[in-house]
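Chemist: Attaching a single structure in C-alpha cells format; questions to follow.
Protein chains: 2
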Amino acid sequence: MSTVGPREVIEKALAEGRTALTAPEGRELCQAYGIATPGEGLATSADEAARLAGEIGFPVVLKIVSPDILHKTDAGGVLVGLKTAEEVRAGYDTILTNARAYDPDAKIDGIQVQQLVGGGHEVIVGAVTDPTFGKVIAFGLGGVLVEVLKDVTFRLAPVSGDDALKMLDDIRAAEVLRGVRGAEPANREALAALIERVGRLVTDIPEIVEVDLNPVFADANGAVAADVRVIIGTPQPEVARLSREEILRQMNRIFKPRSVAVIGASAETGKIGNSVMKNLINGGYQGQIYPINPKADEIMGLKAYKSVADVPGDVDVAVFAIPAKFVAPALEEVGRKGVAGAVMIPSGFAETGNVEGQKEIVEIARRHGVRMLGPNIYGYYYTPENLCATFCTPYDVRGSVALTSQSGGIGMAILGFSRTTKMGVSAIVGVGNKADVDEDDLLTFFEQDDNTKAVAMHLEDLKDGRGFVEAARRVVKEKPVIVLKAGRTAMGARAAGSHTGALAGDDKVYDDILRQAGVVRAPGLNDMLEYARALPILPAPKGENVVIITGAGGSGVLLSDAIVDAGLTLMDIPDDLDAAFRAYIPPFGAAGNPIDITGGEPPSTYENTVRLGLQDDRIHALVLGYWHTIVTPPMVFAELIARVVAEERAKGNTKPVVASLAGDTEVEEASEYLFEHGVVAYPYTTEKPVAVLGAKYRWARAAGLLR
Amino acid sequence: MSTVGPREVIEKALAEGRTALTAPEGRELCQAYGIATPGEGLATSADEAARLAGEIGFPVVLKIVSPDILHKTDAGGVLVGLKTAEEVRAGYDTILTNARAYDPDAKIDGIQVQQLVGGGHEVIVGAVTDPTFGKVIAFGLGGVLVEVLKDVTFRLAPVSGDDALKMLDDIRAAEVLRGVRGAEPANREALAALIERVGRLVTDIPEIVEVDLNPVFADANGAVAADVRVIIGTPQPEVARLSREEILRQMNRIFKPRSVAVIGASAETGKIGNSVMKNLINGGYQGQIYPINPKADEIMGLKAYKSVADVPGDVDVAVFAIPAKFVAPALEEVGRKGVAGAVMIPSGFAETGNVEGQKEIVEIARRHGVRMLGPNIYGYYYTPENLCATFCTPYDVRGSVALTSQSGGIGMAILGFSRTTKMGVSAIVGVGNKADVDEDDLLTFFEQDDNTKAVAMHLEDLKDGRGFVEAARRVVKEKPVIVLKAGRTAMGARAAGSHTGALAGDDKVYDDILRQAGVVRAPGLNDMLEYARALPILPAPKGENVVIITGAGGSGVLLSDAIVDAGLTLMDIPDDLDAAFRAYIPPFGAAGNPIDITGGEPPSTYENTVRLGLQDDRIHALVLGYWHTIVTPPMVFAELIARVVAEERAKGNTKPVVASLAGDTEVEEASEYLFEHGVVAYPYTTEKPVAVLGAKYRWARAAGLLR
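Chains as they are written, first to last, in full-length UniProt numbering: chain A, 1 to 707; chain B, 1 to 707.
Printed below as a string of C-alpha cells:
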C-alpha cells in the first residue's frame with residue numbers, strides 16, 4: 001500500500017494520460033479523507049491470509065491477484081463469504097490450485113483478502129461537475145430507487161455536516177434510512193460525515209471531475225464505500241467575479257443615472273431610437289437626456305450630438321438603438337467617455353450565431369469598465385427614477401417588486417400583466433444574452449435597493465451558478481427571490497439549448513440548488529407573475545399555523561386541498577379557541593379547521609371570526625373563503641375585511657391574509673379592492689390565494705423567520 | 001386438505017363468528033381460483049418429508065406442527081432452505097429432537113414441508129371494500145415502494161386481463177417488473193392472471209371484505225402468493241338503480257318542463273321565492289309559471305294558487321322556496337299532483353344534522369315517483385329552455401357545457417366565471433345534499449342531450465361510485481366529462497367529512513378509478529372552469545404530434561415545459577417538414593420543435609407557418625406563442641390566426657389550436673377574440689393553454705380517438 005498523498009495520486013494518473021483512477025488509487029483518496037472502504041490486504045501464504053482476515057473481520061472475500069488472470073471468476077479465483085480462519089486457509093489453497101489449473105504459467109502475486117460488506121442500506125454518494133454550478137454532491141438510495149425512480153438529491157460542494165444530514169431527509173424514500181419493516185436504521189451521522197468528506201475531497205482537488213461511491217453500505221455502525229470510481233480531468237476555469245462594491249458602484253449609476261445618452265436617437269416614428277426617446281421623455285425621467293445621432297441637431301426638442309464624446313459632462317448610461325454592425329465603434333466611444341452602463345438593445349449577436357461579434361463588444365466593454373446589459377433586450381425600467389429606457393411603452397405604477405427576464409417575450413408579458421393588475425413595480429429589466437450583466441449583478445443591486453422588497457427573475461440558464469447562489473443567499477435573508485427557471489424538463493431544456501445556445505443543466509440539480517439557496521421557484525409564468533404581485537404586499541408569517549375561515553363549506557374543502565398542495569399546515573385548533581370561534585357561528589356550522597361559518601351569515605360573523613383569527617397569537621395566517629350572498633354582498637365583505645385587517649395591523653396583529661371569492665362578477669371588484677388593501681384575493685379560484693401564501697411561507701422559512 | 005368449495009369455507013368461518021380465514025382456508029380459496037400458493041404437505045416420517053420435498057421442489061422449509069408449541073422458532077422447530085432429500089431427512093430428525101427437548105409432553109402432529117419461495121420480484125396484490133366503489137383491487141411492488149412511497153394502483157373489481165396488464169404499468173416503478181440492473185423480468189401474463197383471479201374471487205364472494213396476498217413472488221416462471229390473508233364480513237348492500245329509460249323520462253321533464261310551480265312564491269324582494277319568480281320570468285322561460293302561495297292571489301302578474309293541487313293541468317317541476325319545516329306536507333301535494341321534479345332549494349336538512357328530516361322527504365319523493373334535486377341547493381339553469389330556476393341571477397349565454405356542483409359556493413363561482421368569460425353554457429345544476437338526484441342521473445340526461453357537448457362536475461363524494469363509473473364510461477365515448485373532486489388530500493377529506501357527513505374515500509382510489517372511467521380530472525377549481533370553457537370549442541385531435549410555433553423563443557421554452565407537464569408529445573419533425581418550415585422563417589430562427597420564427601416577423605410569417613402546420617397531416621395539434629411587436633400587433637395576429645384556422649377548417653383541416661400571448665394589455669382583447677373564434681388563447685401564461693390542450697387529449701385518449 002503506497003503512502004503518497006491524494007495530490008500525488010492524481011498527478012501521477014494525469015501524467016500517465018489517464019481519465020480514471022484505479023480502484024486502489026480511489027481507495028487511497030478515500031482513506032486520506034476518512035471515507036471508509038472495505039478492509040483488505042494481500043496475502044502470500046494461507047496463514048497470512050487467515051491472519052489478515054482476522055484483522056479485517058469476518059466474513060471475507062478471497063480474490064486471486066495475477067497480471068495474467070483477467071477473468072478471476074472463470075479461473076476459480078474468487079471465494080465469497082468465508083467465515084473462519086480455517087475456511088480462509090482452505091480457500092487460499094483452493095484458489096491457488098484452481099489458478100494453476102487454469103493457467104500453469106500465470107505469475108501469481110498472491111491472494112487479496114477483502115472484507116465482505118453488504119449489510120444495512122445500499123446508498124449512492126457521488127459528485128459531478130455541473131456546467132452551471134461546478135462541483136455538486138449527489139445522494140440517493142441504491143438500486144431501484146435511484147435507477148428507476150430517480151430519487152436523488154443534489155447540493156453544492158462542499159457540503160456542511162448539517163446540510164449533509166438534510167440531504168438524507170431530502171429524498172422521497174427518506175423514511176427507509178430510519179428503518180422501516182423492522183430494518184435496522186442507518187447511522188445518520190456516519191453517513192452524513194461520509195457525504196461531507198466527499199464534498200471536501202472534490203473541492204480540495206479540482207481535477208476530480210466525477211466520483212461514484214456506489215454502493216455505500218450504511219448500517220447502524222457506519223457507512224462503507226464498497227466501490228469507488230473517480231474520473232479526473234482538467235479543472236473548470238475559475239470564474240472571475242467583481243467585488244460587491246465594484247458591482248454596486250456601477251449598478252447604482254445605471255439604475256439612478258443623472259444622464260442618459262441614446263445612441264441612435266431618432267425623430268422617425270417606428271424606429272427603436274424614437275421609441276426609446278419617447279419613453280424616456282414621456283416616462284417622466286428628470287435627468288439629462290442626450291440624443292446621439294450624427295445626422296441630427298435636435299431630436300424631440302433636445303439638442304442632439306454627433307457622438308457621445310461630444311456630450312458636455314458625464315454620461316451614466318448609454319442606450320444603444322443602432323444595428324449590431326455599428327455597435328463596436330460606438331461602444332469604444334462610450335467606453336472612452338467613462339459611461340457606467342451600456343444598455344444593449346440591438347439583436348444580431350450570439351442569439352443569431354454571431355458569437356464573435358458578441359465577444360468583441362464584451363471585450364471592449366471590459367476594457368473600459370463599462371457594464372453592459374444585453375445585448376438583445378427590450379431595455380429596462382426603474383420606476384423610482386421614472387426611468388423607461390426601453391422601446392416598449394412606459395410603465396409608472398411604482399411599487400416594490402423588481403422583475404427581470406431573459407426573453408423579450410416574457411418581458412412583454414411582465415409589462416402587460418403589471419399594467420392590467422396595477423402591479424406595483426420598482427424595476428423591469430431585460431437581460432437577454434447576458435454577455436456581461438447577469439442575475440448576480442442585479443441581485444446585488446436589488447439587495448441594497450430600498451425601493452425593492454421582492455425580486456422575480458425569469459431565467460433559462462445561469463452563467464455563474466455559484467455566483468447566483470451566493471448573491472441569492474444574501475438577498476433572501478431580507479427579501480423574497482422568486483425564480484421562474486425555464487427549460488425545466490428534458491424537452492424544455494432541449495428547446496433552451498436551441499434558443500440561447502446555453503447549456504441548461506439538469507433540472508433536478510437546479511431545483512435542489514435553488515431551494516438550497518432559499519429561492520422561491522415558480523412552477524410557471526403566471527405563478528411567477530402572481531407571486532411577484534402578491535409577495536411584497538403580504539406580511540411575513542411568524543409561524544406555521546394556518547386557519548381557514550369560510551362562508552362556503554365547499555370552498556373550505558378545496559382550500560384544504562390547496563393548503564396541503566402548497567406545503568402548508570392546517571392548524572390543529574385548541575379547545576378554548578374552538579369554543580371561542582363557535583360562539584360566533586351558527587350551531588350547525590363547523591368549527592375545527594376549516595372554520596365553516598356557513599352561508600347566509602351577516603357581515604358581523606365574518607368580522608367576529610376574522611378578528612379573532614387575527615388577534616389570537618397562536619394563529620399565524622388566515623385563508624378566507626367568501627360566498628356571495630345577499631346578506632353579505634362582495635363589496636361589503638371586501639370593505640369589512642380590509643377595515644378589520646387594517647385595524648388589527650395598527651394594533652400590531654400583522655399576519656398574512658389571503659382570500660378566495662366565490663360569486664357572481666362583483667367578486668372581481670371586491671378581490672381587486674382587497675388586493676389594494678393588503679389582502680391577497682382572487683375570484684373563481686381556491687388554488688391561487690393558497691399557492692401565493694405557500695410561496696410566502698417558503699421564503700419565510702428560507703429567511704429563517706419561522707421557529 | 002379439505003375438498004369443500006369456497007362458499008363452504010366462507011360460510012363455515014362466518015358460522016363460527018370469525019372475521020378472518022385461517023391460512024389453510026385462504027390457500028383453499030386461492031387454489032379454487034387458480035392462484036398459486038407455495039406447495040406444502042404434512043409429513044409424519046423423515047422419508048415422507050423427503051418424498052414430499054421432492055414433489056414440491058427444493059429448497060423447502062420444515063416446520064413443526066403441534067398444538068402445544070406456539071413459538072415454533074423458540075422450540076427449534078423451523079428449518080429454512082433445505083436443498084436435498086438428505087438434508088430434509090436429517091432436518092426432520094433434528095426438529096423432532098429439538099421439539100421433544102423443548103416440551104417433552106407436546107403432542108406432535110408431524111412436520112410441515114413447504115416450498116421455499118422468495119425469488120424474483122416481491123409484489124402485493126390485494127382487494128378492499130371501498131365505501132364508494134365497493135370491491136377494489138390493489139397492486140403494487142412489495143417492500144419500500146408500497147410502504148414508504150405508496151406506489152400502488154387500484155381498479156374496480158372484477159378486472160379484465162387487459163386491465164390487469166395495464167395495472168402492472170400503472171405504478172411509478174413499473175420498469176422494475178421488466179427487469180432492471182440485470183434482474184430477471186416478471187412473467188407479466190402470470191401476474192396479470194393472478195390479479196384477474198383475485199378480482200373474480202372477491203366479486204363472486206361478496207362476504208370477502210379484504211384480501212392481502214403479500215408478498216407475491218413473481219419471476220419469469222410465474223407468480224406465487226406466499227402469504228394469504230382474507231377478511232370476511234357482511235356484504236355491502238346492493239345499490240338499487242333506476243333504468244336508463246326511467247331516469248330519462250323524468251330528467252327530460254325536469255330539464256325541458258312545460259310548466260314550473262314555485263312553492264313559496266313571493267312578491268317581497270329579498271325572499272328566495274321572489275328571486276326564483278324573477279329569474280324564471282326575466283330569464284325568459286316560455287312555459288307556464290305557477291306561483292304557489294296560500295296568502296296571495298297574484299304574484300308578479302301571474303295568478304297564484306293556494307296549493308299545487310289547485311293548478312289546472314300538469315306541472316313538470318316544482319321549485320321549493322319555503323323553510324325546511326314546511327317541505328314535507330308540500331312535497332306530499334307535489335307528489336300527488338304527479339310532478340316530475342322537486343327542486344329542493346331549502347337548507348336545514350342533513351347538512352345541519354337534520355338527517356331524519358331528509359330521510360322523510362326522500363321517502364315521500366320515492367313513494368310518489370318524484371325525482372328530487374337537493375335539498376340545500378341554489379337551483380338549476382338550462383339555457384336552451386331559458387330556464388333559470390334559481391335564487392341567484394339569470395344567465396343566458398347559451399353554449400354547450402353543462403356544469404354541476406355539490407356546493408353552493410362553487411355554483412356561484414361557476415356563475416361568475418361564466419359571466420365574465422362569456423362561457424357558453426347549456427346547464428348549471430346544484431346537487432347539494434344529493435338526497436335523490438345525483439351525478440349519475442345528470443350524466444344520463446346530458447349524454448343524450450344534444451345541447452350539451454361537455455360536462456363538468458364539482459363533487460365531494462359519490463353516493464354510488466359504480467353507478468357513476470358506468471354512466472361516465474358511456475358518456476365519455478361521446479363527450480368529455482371533467483371532474484373536480486374536492487377532498488383530494490387527507491386533510492381535504494377530513495374537511496369533506498365535516499361538511500357533508502359523507503365518507504370521502506381515499507383519493508388514490510378515486511384518482512385511479514376516475515381515470516379508468518375516462519374522466520378528465522381537474523386539479524383545481526379554476527382548472528375545472530377553464531377546461532369547461534375550452535374543451536367544447538377545441539376540435540378533437542387525431543394523433544399525438546404536437547407542434548409549437550412561436551414568435552418568442554422564451555415562450556417556446558416555457559411552452560415546451562408545459563407540454564411535458566401536460567403529458568403531451570412534442571413531435572419529432574421529419575426532415576422534409578423541417579425544410580418546409582425553414583423556408584418561411586429567418587435563417588437564425590430555429591426550426592425543429594418548437595419552431596422559433598423569431599420576434600419582429602410580419603404577419604405573413606405567422607400565417608405561412610401556421611397554415612403549413614394545419615395542412616400537414618402528420619401534425620395533430622398546434623400550440624402558438626405570440627410576442628407583441630409593432631410589426632404584428634396583437635389584434636392583427638388574432639384576426640389572422642382566426643381567419644387561417646377557419647379557412648383550413650373549411651377545407652377539412654380541423655385540429656386543436658391553442659395560443660399563449662405575451663405582450664402589453666392589448667393581448668387580452670386578442671385572446672378573447674381568438675377564444676370566440678375557436679382558438680383557445682390566454683394572455684400572460686404559457687401553462688394554461690397547454691394544460692387545456694392536455695385535458696382535451698386525455699379525453700380523446702379515453703374516448704379511443706387516438707391511434
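All residues carry an ideal CB built from backbone N, CA and C; glycine is no exception. Please read all numbers here as calculations on a predicted model, not as lab measurements.
1) Of all the residues that make up the region 621 to 641 of chain A, which are near chain B by a beta-carbon distance shorter than 9 Å?
2) Label A:Val355 either buried or exposed according to how many other C-beta atoms from any shown protein chain fall within 10 Å of its C-beta, with 16 as the threshold for buried.
3) Take B:Thr420 and list the residues in its own chain whose beta-carbon comes closer than 7 Å to its own, dropping the five residues that flank it on each side.
4) Determine the extent of the alpha helix (DSSP H) in which B:Lys12 is found, giving its start and end residues.
5) Sorted by chain position, which residues of the same chain lie with C-beta nearer than 7 Å to B:Leu674's C-beta, five sequence neighbours on each side aside?
6) Taking all protein chains shown into account, decide if A:Ile630 is buried (16 or more other Cβ within 10 angstroms of its Cβ) or exposed.
7) Listed from N- to C-terminal order along the chain, which residues in the region 411 to 423 of chain B have their beta-carbon within a distance smaller than 7 Å of any beta-carbon of chain A?
8) Counting pairs of Cβ atoms below 8 Å between the region 219 to 235 of chain A and the region 184 to 193 of chain A, do you hit three or more?
9) Please classify B:Leu70 as buried or exposed, where buried requires at least 16 other C-beta atoms within 10 Å of its C-beta.
10) Candidates A:Ile263, A:Gly283 and A:Ala389: which alpha carbon is nearest A:Gly335's?
11) When the Cα of B:Gly678 is compared with those of B:Ile124, B:Gly704 and B:Val644, which residue comes out closest?
12) Taking DSSP's pairing of strands, which residues face A:Glu207 in a bridge?
13) Determine, using beta-carbon pairs with one atom in the region 430 to 438 of chain A and one in the region 338 to 351 of chain A, whether at least three such pairs fall under 8 Å.
14) Return the CA-CA distance between B:Lys453 and B:Pro541, expressed in angstroms with no decimal places.
15) DSSP on B:Gln516, reduced to helix/strand/coil?
16) Mark A:Val397 as exposed unless 16 or more other C-beta atoms lie within 10 angstroms of its C-beta, in which case mark it buried.
17) Using alpha carbons as the reference points, say which of A:Asp130, A:Leu42, A:Gly273 and A:Gly5 lies closest to A:Lys463.
18) Can you tell me where the alpha helix (DSSP H) holding residue 721 of chain A begins and where it ends?
19) How about B:Gly120 and B:Phe58: do their beta carbons lie closer than 8 Å?
20) How many Å lie between A:Glu122 and A:Gly39 at the Cα?
21) State yes or no: is the beta carbon of A:Thr383 nearer than 8 Å to at least one beta carbon in chain B?
22) To the nearest angstrom, how far is the alpha carbon of A:Glu268 from that of A:Asn274?
23) Can you name the residues of chain A whose CB is closer than 8 Å to the CB of B:Arg649?
24) Compare the Cα-Cα distances from B:Ala695 to each of B:Gly369, B:Gly26, B:Ala427 and B:Ile482 and report the closest residue.
25) Within 10 angstroms of the Cβ of A:Pro67, are there 16 or more other Cβ atoms? Answer buried if so, exposed if not.
26) Mind checking whether A:Ile56 and A:Ile205 have CB atoms under 8 Å apart?
27) Can you tell me whether A:Thr569 is helix, strand or coil according to DSSP?
28) Pull out every residue of the region 129 to 149 of chain B whose Cβ sits closer than 9 Å to any Cβ of chain A, in chain order.
29) What's the gap between the Cα of B:Ala493 and the Cα of B:Tyr510?
30) CB-CB under 7 Å to B:Asn282, same chain, minus the five flanking residues each way: which ones, in chain order?
31) Look up A:Ala218 in the DSSP assignment and say whether it is helix, strand or coil.
32) In this structure, how does DSSP classify B:Arg488 when only helix, strand and coil are distinguished?
33) Once the 5 residues before and after A:Ala691 are set aside, which same chain residues still bring their CB inside 6 Å of it?
34) Around the Cβ of B:Pro291, are there at least 16 other Cβ atoms within 10 angstroms (buried) or fewer (exposed)?
35) Would you verify that the beta carbon of A:Asp664 is, or is not, closer than 8 Å to some beta carbon of chain B?
36) Please work out which residues of its chain come closer than 7 Å, Cβ to Cβ, to B:Val202, disregarding the five sequence neighbours upstream and downstream, and give them in chain order.
Modeler: A quick look at the data gives this:
1) Gly625, Tyr626, Trp627, His628, Thr629 and Ile630
2) The residue is exposed, with fewer than 16 neighbouring Cβ atoms inside 10 Å.
3) none
4) Counting along the chain, the alpha helix (DSSP H) containing B:Lys12 begins and ends at Pro6 to Ala15.
5) Ala638, Ile641, Ala642, Ala659 and Ala681
6) exposed
7) Using a CB distance below 7 Å, the part of the region 411 to 423 of chain B facing chain A consists of Met412, Ala413, Leu415, Gly416, Phe417, Arg419 and Thr420, ordered along the chain.
8) A contact exists between the region 219 to 235 of chain A and the region 184 to 193 of chain A.
9) In the assembly as shown, B:Leu70 is an exposed residue. Its beta-carbon has fewer than 16 other beta-carbons within 10 Å.
10) Per the Cα distances, A:Ile263.
11) B:Val644
12) Beta-bridge pairing links A:Glu207 to no other residue.
13) yes
14) 16 Å
15) Here B:Gln516 sits in helix by DSSP.
16) exposed
17) A:Asp130
18) Since the first residue of chain A shown is 1 and the last is 707, residue 721 of chain A is not available in this structure.
19) no
20) Rounded to the nearest angstrom, the two C-alpha atoms are 18 Å apart.
21) Not an interface residue.
22) 6 Å
23) Result: empty, since nearest Cβ-Cβ is about 27 Å, beyond 8 Å.
24) B:Ile482
25) So A:Pro67 counts as exposed.
26) no
27) strand
28) Against chain A - using a Cβ distance shorter than 9 Å - the residues of the region 129 to 149 of chain B are Leu141, Gly143, Val144, Leu145, Glu147, Val148 and Leu149.
29) Unreliable placement is indicated for B:Ala493, whose pLDDT of 46 sits below 50; no coordinate value is reported for it.
30) Pro394
31) strand
32) Of the three classes helix, strand and coil, the one that applies to B:Arg488 here is coil, per DSSP.
33) Ala566
34) buried
35) yes
36) Excluding residues within five positions, the ones whose Cβ falls inside 7 Å are Ala127, Lys135, Ala157, Ile208 and Val211.
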